[in-house]
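Chemist: Structure incoming, see below.
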């Protein structure tokens with residue numbers, strides 16, 4: 001238990017205070033705790049939260065270096081607390097939270113471009129310690145820099161097991177009655193559960209926080225799915241009051257972690273009890289209570305949310321068509337005027353469902369199609385497994401082929417002048433031609449950089465002509481075999497040979 | 001030279017009469033020759049044509065067995081001719097011309113279903129004798145039962161050579177001046193040619209007729225492209241009068257061949273001189289002059305023709321999207337209410353252009369996608385070749401992988417009860433489920449036949465439930481490896497295992 005200790009904290013790290021407080025009644029609902037952090041550049045109010053065992057906590061993420069003064073008040077205690085801490089320069093790997101950069105891309109708060117290479121593991125963090133370690137190991141080997149996962153446990157095919165813990169005090173239904181035939185009726189009408197939706201289980205959240213923190217240390221953004229329909233415990237059928245209590249608790253606990261993104265829902269339109277006014281109410285809470293303005297999105301199943309709503313920072317879009325989704329990125333960029341993240345363009349795997357059985361080649365193709373249009377597709381894996389551990393929900397070991405190839409894409413994206421790509425206006429019909437999204441002398445002068453992608457097509461050569469004078473350094477990229485070959489410097493009208501295989505790309509950089 | 005000989009002719013074969021006639025002036029325009037064939041079931045008037053060297057011919061395809069009387073008149077001769085012939089029962093391989101069957105499919109006139117498996121070889125018949133023989137050999141090894149080709153020679157990339165003959169008297173421009181840079185200006189503004197568009201070259205047409213006839217003997221429909229824009233000789237820039245003369249000559253010569261289809265154009269919208277009223281005028285000519293009502297279609301590049309026009313018997317549609325075309329078949333069936341033939345869904349190959357470099361796998365996938373939706377995709381091959389012989393234009397040897405796999409598809413299509421397939425109303429989003437298009441007790445009772453296709457998806461199993469009683473014989477088909485495995489008889493709710501590979505299909509037939 002700390003009290004008015006002068007401390008230091010790295011800018012964008014979590015500064016945490018803990019206090020003992022009242023325990024009578026229900027501390028989650030009966031008492032308040034609030035703090036105000038004051039810096040010469042501004043004043044920030046944050047809610048604290050009850051962490052169980054008589055302990056109340058306040059978390060804060062400093063946005064500036066220098067001295068912060070704070071005051072902590074509330075009904076949780078009969079006294080008030082004040083103190084001071086110094087926010088220091090961030091360490092080399094700490095770039096701050098991710099923000100929207102320009103109109104359609106992302107960058108860390110320190111200006112470093114961020115190109116999301118996301119994966120989905122819905123409840124990886126609610127598995128056993130051993131499996132969680134395996135997931136961390138897999139993530140470390142991969143190029144993933146964003147992972148989408150839920151706070152609530154998941155109930156669905158391949159997901160009948162119990163989570164390691166529940167978010168509320170109470171006991172769950174007997175899962176031994178579940179079958180492939182009856183499981184969906186428990187989503188609609190949960191029964192046999194005894195949870196108190198006014199009393200959180202702090203251990204559940206503490207555990208998730210250790211996972212968020214470790215992800216952050218690995219440079220991975222935690223795209224936290226706050227609500228979702230794949231439920232048998234009643235978490236998707238709470239009252240407005242209970243929902244709001246939950247949102248505030250989540251924000252108070254998680255918002256100070258710089259790598260948090262708020263994914264309001266997975267498949268919001270399948271939450272049968274919730275209306276647009278509910279989602280808008282949650283949005284108001286988040287906009288009010290999250291002082292750091294973490295990224296906010298809401299993901300659909302069938303019907304997209306209106307991503308033009310001002311509280312939505314970027315689109316989170318599910319596959320819209322069995323054949324085309326990443327290919328529609330440009331249309332959505334224009335329609336919504338925001339970054340387009342494609343969280344679910346089908347998963348690499350071999351399960352029975354069409355959303356979970358595309359090949360590694362098709363997954364990587366979708367990534368390139370989306371990325372060159374200035375969007376950010378996401379990965380997932382659903383390979384049948386004897387132990388029933390599928391990456392998409394449980395994490396564990398990556399079994400597919402696509403994940404190995406995203407580092408190559410990321411390396412290429414990092415070569416983009418500016419913050420990201422967009423379709424070139426002069427893109428031909430049988431190619432994807434990307435140029436830097438921001439063309440200024442500072443970022444990327446016009447005609448300085450081109451990236452062409454040929455998808456499943458297999459040209460043996462392509463011809464280029466930009467002008468008579470500009471010299472281009474040309475590279476031929478095999479996006480599947482991850483090779484990059486120097487094709488020389490060219491000028492005027494020139495041909496570049498290709499191997500007549502699918503998944504080839506050509507990169508051109510102004511040579512002078 | 002024949003005169004009133006009593007002859008026999010097989011029903012749907014060509015009955016031909018030849019007469020000597022006037023040669024002064026221009027026999028192609030100055031004289032007429034018409035015949036009327038009378039049978040107890042009806043009376044048919046046909047135009048004859050001048051075949052050069054003082055010979056005029058009349059061709060007729062009898063639609064009935066039994067005695068026909070004919071009268072031949074015209075200004076070509078000072079005398080008139082009459083005669084009689086007997087149309088006999090067709091031989092086993094002669095099923096008559098192909099007609100639309102039901103609303104969306106095809107059958108020969110004798111009722112035998114016809115499932116088009118088409119290929120495109122624009123000017124295969126205008127190549128050397130040796131190459132033509134090679135093409136016939138390739139066709140014989142294949143399952144193709146329709147071939148699209150032009151009467152006029154073709155001028156385009158990979159097509160700068162001279163044809164074996166020209167359709168008109170005269171001399172062509174010097175093709176040695178052609179380059180990849182300048183070739184298109186000769187299409188727009190032909191120059192240096194000296195053709196008389198009122199004097200045909202009968203040898204050109206006679207040669208094409210021998211090809212049509214040989215195709216017919218092989219059971220292959222000749223989808224004859226009457227006009228096209230890939231021209232440097234002026235054939236796409238003739239006057240209305242010259243065009244009409246050409247259409248009438250073509251009909252008089254070719255219409256009596258039962259395997260002829262009239263493909264009004266390849267890419268009608270690229271013929272810069274022609275307007276819709278021109279195409280409608282040609283249509284009037286064909287409807288008036290072709291007494292056999294051969295199938296009529298008009299093929300587009302960018303903009304589809306209005307396929308609801310009454311003279312159009314079936315849609316001939318080019319790829320509309322780089323990713324999806326065959327997948328749109330069902331929408332076009334509904335929109336146009338006619339059979340949907342997809343003449344060009346990109347070609348298998350490796351040339352520089354996106355329309356000519358898809359893989360064999362992708363081509364076969366497009367065929368299955370289209371076929372199960374009740375449409376008929378077409379093939380073509382554009383593999384680079386040292387001798388510059390690309391199947392798509394010149395025929396020759398098939399070099400790809402897709403053509404080997406259409407026989408397997410055709411065999412499956414032939415098992416369809418009735419005339420063809422359509423999408424099932426109960427088709428899931430992640431499958432293509434086809435059922436017989438005509439469900440009557442006679443053709444195909446409801447729930448008697450299902451064909452599922454999984455495209456690039458790779459399910460390890462799929463679950464089925466139709467009702468509690470119907471027993472189904474189930475087969476698992478690998479459409480790429482061309483295997484068909486008996487998966488047993490099933491009833492009620494059942495699972496069928498699949499290998500988790502792409503391009504799998506499942507066929508179910510009522511077992512009782």
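Chains as they are written, first to last, in the numbering used here: chain A, 1 to 512; chain B, 1 to 512.
Glycine is no exception: its CB is placed at the ideal position from the N, C-alpha and C atoms.
Because the structure is a prediction, the values reported are computed rather than measured.
Closer than 7 Å by C-beta to residue 199(B): which residues in its own chain qualify, once you throw out the five before and the five after it? Chain order, please.
Modeler: Taken in chain order, the residues that qualify are 26, 28, 168, 169.
Chemist: Where do the ends of the beta strand (DSSP E) carrying residue 188(B) lie?
Modeler: Note, residue 188(B): premise wrong, no beta strand (DSSP E); alpha helix (DSSP H) at 183-188.
Chemist: Closest to residue 529(B) by CA distance: which of 400(B), 307(B), 314(B), 377(B) is it?
Modeler: Any question about residue 529(B) goes unanswered here, given that chain B covers just 1 to 512.
Chemist: How many Å lie between residue 201(A) and residue 381(A) at the Cα?
Modeler: Roughly 30 Å separates the two Cα atoms.
Chemist: Would you be able to state if there are at least three C-beta pairs under 8 Å between the segment 497-511 of chain B and the segment 476-486 of chain B?
Modeler: In short, these stretches touch, since the Cβ pair count reaches three.
Chemist: Helix, strand or coil for residue 495(B)? Go by DSSP, reduced to three states.
Modeler: Note: residue 495(B) maps to strand in three-state DSSP.
Chemist: Which ranges would you report for the beta strand (DSSP E) in the segment 73-114 of chain B if only whole runs of at least 3 residues count?
Modeler: 81-88, 98-101, 105-108, all fully within the segment 73-114 of chain B.
Chemist: Candidates 225(A), 124(A), 447(A), 455(A): which alpha carbon is nearest residue 467(A)'s?
Modeler: Checking every option, the nearest Cα to that of residue 467(A) belongs to 447(A).
Chemist: When DSSP labels each residue in this structure, what does residue 7(B) get in the three-state scheme?
Modeler: Residue state, collapsed to three classes: strand.
Chemist: Have a look at the DSSP bridge pairing and note the partners of residue 159(B).
Modeler: Paired residue(s): 156(B).
Chemist: Could you check whether the Cβ of residue 352(A) sits closer than 8 Å to any Cβ belonging to chain B?
Modeler: Taking Cβ atoms only, chain B reaches closer than 8 Å to residue 352(A), which makes this a yes.
Chemist: Helix, strand or coil, according to DSSP, for residue 233(A) in the structure here?
Modeler: DSSP places residue 233(A) in coil when its eight states are reduced to three.
Chemist: Counting only Cβ-Cβ distances shorter than 7 Å, please list the residues of the segment 388-403 of chain A near chain B, keeping chain order.
Modeler: Listed by position along the chain: nothing, the set is empty.
Chemist: Would you please state the rounded distance, in angstroms, between the beta carbons of residue 345(A) and residue 329(A)? I believe it to be under 8 Å.
Modeler: No, residue 345(A) and residue 329(A) are not in contact; Cβ-Cβ is about 10 Å, not under 8 Å.
Chemist: Mind the definition here: the segment 47-56 of chain A touches the segment 268-286 of chain A only if three or more C-beta pairs lie below 8 Å; say whether that holds.
Modeler: In short, these stretches do not touch, since the Cβ pair count stays below three.
Chemist: Determine contact between the segment 296-311 of chain A and the segment 253-271 of chain A, defined as no fewer than three beta-carbon pairs at a distance below 8 Å.
Modeler: The segment 296-311 of chain A, when compared against the segment 253-271 of chain A, does touch it at the 8 Å Cβ threshold.
Chemist: Find out if the Cβ-Cβ distance for the pair residue 357(A), residue 458(B) is shorter than 8 Å.
Modeler: For residue 357(A) and residue 458(B), yes; Cβs fall inside 8 Å.
Chemist: Go through the segment 234-277 of chain B residue by residue and report every complete run of the beta strand (DSSP E) that reaches 3 residues or more, in order.
Modeler: You should have 260-265.
Chemist: Starting from residue 362(A), find everything on chain B with Cβ-Cβ shorter than 7 Å and list it in chain order.
Modeler: The contacting residues are 456.
Chemist: Just to confirm, is the Cβ distance from residue 349(B) to residue 323(B) under 8 Å?
Modeler: No, the Cβ-Cβ distance between residue 349(B) and residue 323(B) is not below 8 Å.
Chemist: Would you mind telling me which residues of chain B sit closer than 8 Å to residue 463(A), beta carbon to beta carbon, in chain order?
Modeler: Those within 8 Å of residue 463(A) in chain B are 352.
Chemist: Using a Cβ-Cβ cutoff of less than 8 Å, which residues in the same chain neighbour residue 489(B) once the five nearest sequence positions on both sides are dropped?
Modeler: Within the same chain, residue 489(B) has close Cβ partners 471, 472, 473, 474, 511.
Chemist: Give the straight-line distance between the Cα atoms of residue 72(A) and residue 254(A), rounded to the nearest whole angstrom.
Modeler: One C-alpha to the other measures close to 18 Å.
Chemist: Looking at residue 390(B): is its Cβ nearer than 8 Å to the Cβ of residue 117(B)?
Modeler: Result no, Cβ atoms of residue 390(B) and residue 117(B) do not sit closer than 8 Å.
Chemist: For the alpha helix (DSSP H) that residue 206(A) lies in, which residues bound it at each end?
Modeler: Note, residue 206(A): alpha helix (DSSP H), 202-217.
Chemist: If you draw a straight line from the alpha carbon of residue 240(B) to that of residue 153(B), how long is it in whole angstroms?
Modeler: Taking the straight line joining both Cα atoms gives about 20 Å.
Chemist: If the cut-off is 8 Å on Cβ atoms, which residues from the segment 402-422 of chain B count as contacting chain A, listed in chain order?
Modeler: Within the segment 402-422 of chain B, no residue has a Cβ that lies closer than 8 Å to any Cβ of chain A.
Chemist: Can you round the beta-carbon distance between residue 432(A) and residue 373(A) to whole angstroms, since I take them to be within the 8 Å contact cut?
Modeler: Confirmed, about 7 Å.
Chemist: Using the Cα positions of residue 347(A) and residue 130(A), report the straight-line distance between them to the nearest angstrom.
Modeler: Distance between the alpha carbons of residue 347(A) and residue 130(A) is about 24 Å.
Chemist: Counting Cβ pairs closer than 8 Å, one from the segment 228-235 of chain B and one from the segment 187-196 of chain B, do we hit at least three?
Modeler: A contact exists between the segment 228-235 of chain B and the segment 187-196 of chain B.
Chemist: Is the Cβ of residue 467(B) closer than 8 Å to any Cβ of chain A?
Modeler: Judged by the 8 Å Cβ criterion, residue 467(B) is not in contact with chain A.
Chemist: What residue range does the alpha helix (DSSP H) around residue 146(B) cover?
Modeler: Where residue 146(B) is concerned, there is no enclosing alpha helix (DSSP H), although the beta strand (DSSP E) it sits in stretches over 146-150.
Chemist: Is the beta carbon of residue 175(B) sitting closer than 8 Å to the one on residue 398(B)?
Modeler: No. Outside cutoff.
Chemist: Taking the continuous alpha helix (DSSP H) assigned at residue 371(A), which residues delimit it?
Modeler: Residue 371(A) -> alpha helix (DSSP H) spans 360-372.
Chemist: Do residue 513(B) and residue 61(B) have their CB atoms nearer than 8 Å?
Modeler: With chain B running from 1 to 512 in the structure shown, residue 513(B) is simply not present.
Chemist: Pull up the distance between the alpha-carbon of residue 491(A) and that of residue 465(A), whole angstroms please.
Modeler: Distance between the alpha carbons of residue 491(A) and residue 465(A) is about 8 Å.
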